[in-house]
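This report refers to the structure that appears directly beneath it.
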Amino acid sequence: MTLSKHITQGLSDYWNDERGVSPVVGFVLIFGIIVIALALYQSQLVPAQNEQVEFKHSQVVETEMNELQGAISAVSSDGSPRSVSLDLAPEYPDRAVAVNPGQPIASLRTTDPATVTLSGLSSADGQYWDGTDKTFDTRMLEYQSNYNVYSQDPIIRFENGMVTKEFDNGESLVHSDGSVVSDDGNQIDITFVNGTYQESVTTAGVTAKPVSTSREFLQLRTAPGGGAITLPTTLSQERWDALLDGVGHVSAAVAGDTVTLDLEGDRLYTVRLTEVTFSDTPKRTVHYLASEEPRDPTTNLTVEIGQSIPLTVSTRDRLGNTKAGATVEANISGPNANFAESGTDNATVGTNEAGRATVRFTPLEVGTYTVTLTAPDGDSSVNTVTYEIVATDDAVGTGGDNGSGGGINNGFPIQVFIDSSTPNKCTVELTFVNDRSDDVTATDLRINGFFSQGASGPDISNITVRNGPPMTAVELNGDLTPLETLITVPAQGQTTVELSTDDDFVEGGFLIMEVHYTSTSGSLTDTYFIGVPKKSGGNCPY
Numbered sequence: 007m008t009l010s011k012h013i014t015q016g017l018s019d020y021w022n023d024e025r026g027v028s029p030v031v032g033f034v035l036i037f038g039i040i041v042i043a044l045a046l047y048q049s050q051l052v053p054a055q056n057e058q059v060e061f062k063h064s065q066v067v068e069t070e071m072n073e074l075q076g077a078i079s080a081v082s083s084d085g086s087p088r089s090v091s092l093d094l095a096p097e098y099p100d101r102a103v104a105v106n107p108g109q110p111i112a113s114l115r116t117t118d119p120a121t122v123t124l125s126g127l128s129s130a131d132g133q134y135w136d137g138t139d140k141t142f143d144t145r146m147l148e149y150q151s152n153y154n155v156y157s158q159d160p161i162i163r164f165e166n167g168m169v170t171k172e173f174d175n176g177e178s179l180v181h182s183d184g185s186v187v188s189d190d191g192n193q194i195d196i197t198f199v200n201g202t203y204q205e206s207v208t209t210a211g212v213t214a215k216p217v218s219t220s221r222e223f224l225q226l227r228t229a230p231g232g233g234a235i236t237l238p239t240t241l242s243q244e245r246w247d248a249l250l251d252g253v254g255h256v257s258a259a260v261a262g263d264t265v266t267l268d269l270e271g272d273r274l275y276t277v278r279l280t281e282v283t284f285s286d287t288p289k290r291t292v293h294y295l296a297s298e299e300p301r302d303p304t305t306n307l308t309v310e311i312g313q314s315i316p317l318t319v320s321t322r323d324r325l326g327n328t329k330a331g332a333t334v335e336a337n338i339s340g341p342n343a344n345f346a347e348s349g350t351d352n353a354t355v356g357t358n359e360a361g362r363a364t365v366r367f368t369p370l371e372v373g374t375y376t377v378t379l380t381a382p383d384g385d386s387s388v389n390t391v392t393y394e395i396v397a398t399d400d401a402v403g404t405g406g407d408n409g410s411g412g413g414i415n416n417g418f419p420i421q422v423f424i425d426s427s428t429p430n431k432c433t434v435e436l437t438f439v440n441d442r443s444d445d446v447t448a449t450d451l452r453i454n455g456f457f458s459q460g461a462s463g464p465d466i467s468n469i470t471v472r473n474g475p476p477m478t479a480v481e482l483n484g485d486l487t488p489l490e491t492l493i494t495v496p497a498q499g500q501t502t503v504e505l506s507t508d509d510d511f512v513e514g515g516f517l518i519m520e521v522h523y524t525s526t527s528g529s530l531t532d533t534y535f536i537g538v539p540k541k542s543g544g545n546c547p548y
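Here the sequence shown stands for residues 7 to 548, where the numbers follow our numbering.
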């Protein structure tokens, strides 16, 4: 065999040898399957799993934002800072062969400031809250997730005391229990946000700090033509209609990114405006001085010479919330009188924890006096309250059966009698006489004052108002209280109302009772100044 034939035969044997082909092909096929599986896992399963992680994280954030809303609500009432931890970014599971995308970093920030306007609202003293427009700035706190996969996540916001969610399709809804308007439509509660704040981290500790807070609500009456509150909003007209469904006395009108809450005319609303911040707390100042007792400083005040009458004012900030530790200066112009606090015709007092300061005016001669109280640190023109007081040489009012009468000055004619028939109690019986041509019905009242003059009285916190069952317990120096039993005074008639406590009325005490009435011709408010007569000796009953 020639050499060429040997070579040809060897090559032919080599190419025809199929040993080892199957393992190579199998390896290639298995490797290809693994690559395809990994590709499918990376492109399909990893995003699907991460989307579930992001969805669950969005639910956690919604819960945490609700917790923040609760913290803000608490701060608005008690003024104590509160912190909430927000998990701003999801954690993807560790993977041995697949790769996770970068961890998304969410944004938590305050929005640009927007304007809140209150129109047509007046307080009883008619000074700062005088029906003119009052404008304030507020912001929203906004969370945006920036997820890698999950695309149905909403923008979550804290706005006007509520937590809202806005989706990509523009749909918004409320995601919290908070509401601007109470269920009965009589109470408005709005929380403003002050200052700038921004975080772009995986976890943020958010601290809500007080700027202007209060447990109290302002008593504001709308103008005859109505009042309005305009707020920034992300909610639609449909959502506001749902929020106010079944709520009386308030309606909503959305225009662009604002909503106007329209209030009924000549109606009393309780309003609270509070403010928090997530950054540095701004300095809070006194903005105006408000008359507390009497509510209306133009009320005609009459007092017997030698007797004292308390005058109470409150120092308030621009939102109407009281400020403790402020200075109030008092001065008397008139024949001869002094303040119990100083023994002279001028006095300087500080506001207590409730933001109120009281001076006790005592005339020593008959005449007309002007008492001026001023907040020297007030940063507005409404930092002075003036009272006109007439001093007489005998008590104003009619004596009771025991010969001792109580001083009183009021809108309705009232006679004050002392009833000694209730065992173990002191009772003041008031006879309301209505000289109008229509019936009037008392619906709410407030009682302020004190029970001793120049001495410490008992710790009386409640007064029982009785005009038939059920009785109404009214907190002394507390808020306006709805009557359990409405008190109707017929036209050209009279009605007797009994005030009582479980303790003695102390001699020389002085009560100020504010009563809100309704009638067929409208609503009205009267303030009554009741001098509790001196007891003739012994304990109650007299």
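The beta carbon of each residue, even a glycine, is placed where N, CA and C say it ideally should be. These figures come from a predicted structure and were not determined experimentally.
| message | Quick check on N72: does DSSP put it in helix, strand or coil? | response | It is helical.
| request: Specify, as a first and last residue, the run of the beta strand (DSSP E) that E244 falls within. | output: Element bounds for E244: not the beta strand (DSSP E) but the alpha helix (DSSP H), Q243 to L249.
| Extent of the continuous beta strand (DSSP E) to which V480 belongs | T478 to E481
| field | Span of the beta strand (DSSP E) around S178 | value | In the DSSP assignment, S178 falls within the unbroken beta strand (DSSP E) covering S178 to V180.
| request: May I ask you to report which of helix, strand or coil DSSP gives P99? | output: Annotated three-state conformation of P99 is coil, per DSSP.
| said: Any heavy atom of the ligand ADP inside 8 Å of the beta-carbon of K289? | reply: Ligands in the displayed structure: none, and consequently the ligand ADP is not present.
| task | Please determine, among P476, E299 and K215, the residue with the shortest C-alpha to C-alpha distance to L489. | result | P476
| request: Identify every run of the beta strand (DSSP E) within the segment 279–353, keeping only runs that are complete inside it and at least 3 residues long; order them along the chain. | output: 294–299, 307–310, 315–322, 333–339 and 343–345
| request: Kindly give me the distance between the Cβ atoms of Y565 and F284, rounded to whole angstroms, as I take these residues to be in contact under 8 Å. | output: The displayed coordinates of the chain run from 7 to 548. Any statement about residue 565 would go beyond what the structure contains.
| task | Note down the Cα distance separating L325 from Q498, rounded to an integer number of angstroms. | result | 42 Å
| query | Does DSSP put E57 in a helix, a strand or coil? | reply | helix
| request: Note the first and the last residue of the continuous beta strand (DSSP E) segment covering E504. | output: Q500 to T507
| message | Judging by CA-CA distance, which residue of G76, V41 and A130 is the nearest neighbour of V169? | response | It is G76 whose Cα lies nearest to the Cα of V169.
| query | Exposed or buried, A248, counting other C-beta atoms within 10 Å across all chains shown (16 or more means buried)? | reply | exposed
| the segment 262–274 in contact with the segment 361–374 per 3-pair CB rule at 8 Å | no
| query | E520 bridges to which residues according to DSSP? | reply | According to DSSP, which records beta bridges pairwise, E520 is partnered with R452 and T533.
| message | For P300 and P110, what's the separation of their Cα atoms in angstroms? | response | Those two C-alpha atoms are separated by around 59 Å.
| said: Distance check for I162 and F535, CA to CA, integer angstroms please. | reply: So the two alpha carbons sit approximately 52 Å from each other.
| query | What residue ranges within the segment 122–202 form continuous beta strand (DSSP E) runs of no fewer than 3 residues, ordered along the chain? | reply | For secondary structure counted as the beta strand (DSSP E) over 3 or more consecutive residues, the segment 122–202 holds these complete runs in sequence order: 140–144, 147–150, 161–165, 168–172, 178–180 and 193–200.
| task | Tell me whether D445 sits in a helix, a strand or coil according to DSSP, three-state version. | result | Correct three-state label for D445: coil.
| query | Are E520 and T470 touching if we call contact CB-CB under 9 Å? | reply | With respect to T470, E520 sits apart: the two C-beta atoms are not nearer than 9 Å.
| Which class does A497 belong to by DSSP, given the choice of helix, strand or coil? | coil
| query | When you compare only the Cα positions, how much space is there between G201 and E165? | reply | 14 Å
| message | Excluding the 5 residues flanking G460 on each side, which residues of the same chain have their C-beta closer than 6 Å to its C-beta? | response | Because the pLDDT at G460 is just 42, under 50, the model does not fix this residue reliably, and the value given afterwards should be weighed accordingly. If we look at G460 and ignore the five residues flanking it on each side, it has no Cβ neighbours.
| message | If you reduce the DSSP assignment to three classes, tell me which class V41 lands in. | response | Assigned with DSSP and collapsed to three states, V41 falls in helix.
| task | Give the single residue among L226, A130 and E97 whose Cα lies nearest to the Cα of S151. | result | E97
| query | Residue range of the beta strand (DSSP E) that G233 falls in? | reply | G233 to P238
| For D268, the first and last residue of its enclosing beta strand (DSSP E) | T264 to L269
| Rounded to a whole number of angstroms, what is the C-alpha to C-alpha distance between D444 and L530? | 13 Å
| request: On a CA-only basis, which of Y149, F173 and T144 is nearest Q158? Give me that one, please. | output: F173
| said: Can you tell me which residues form a DSSP beta bridge with P216? | reply: V282
| task | Please work out which residues of its chain come closer than 7 Å, Cβ to Cβ, to P419, disregarding the five sequence neighbours upstream and downstream, and give them in chain order. | result | Only weak support exists for where P419 lies, its pLDDT of 46 falling under 50; the coordinates are left without a value.
| query | Quick one: Cα of S178 to Cα of E244, how far? | reply | 10 Å
| message | In whole angstroms, give me the CA-to-CA distance for I414 and Y393. | response | The predicted position of I414 is uncertain, since its pLDDT is 43 and thus under 50; no value can be drawn from it.
| Going by other Cβ atoms of all chains shown within 10 Å of its Cβ, with 16 needed for buried, is N416 buried or exposed? | Reliability of the predicted coordinates at N416 is poor, the pLDDT of 46 falling under 50, and the value obtained from them is presented with this limitation in mind. The residue is buried, with at least 16 neighbouring Cβ atoms inside 10 Å.
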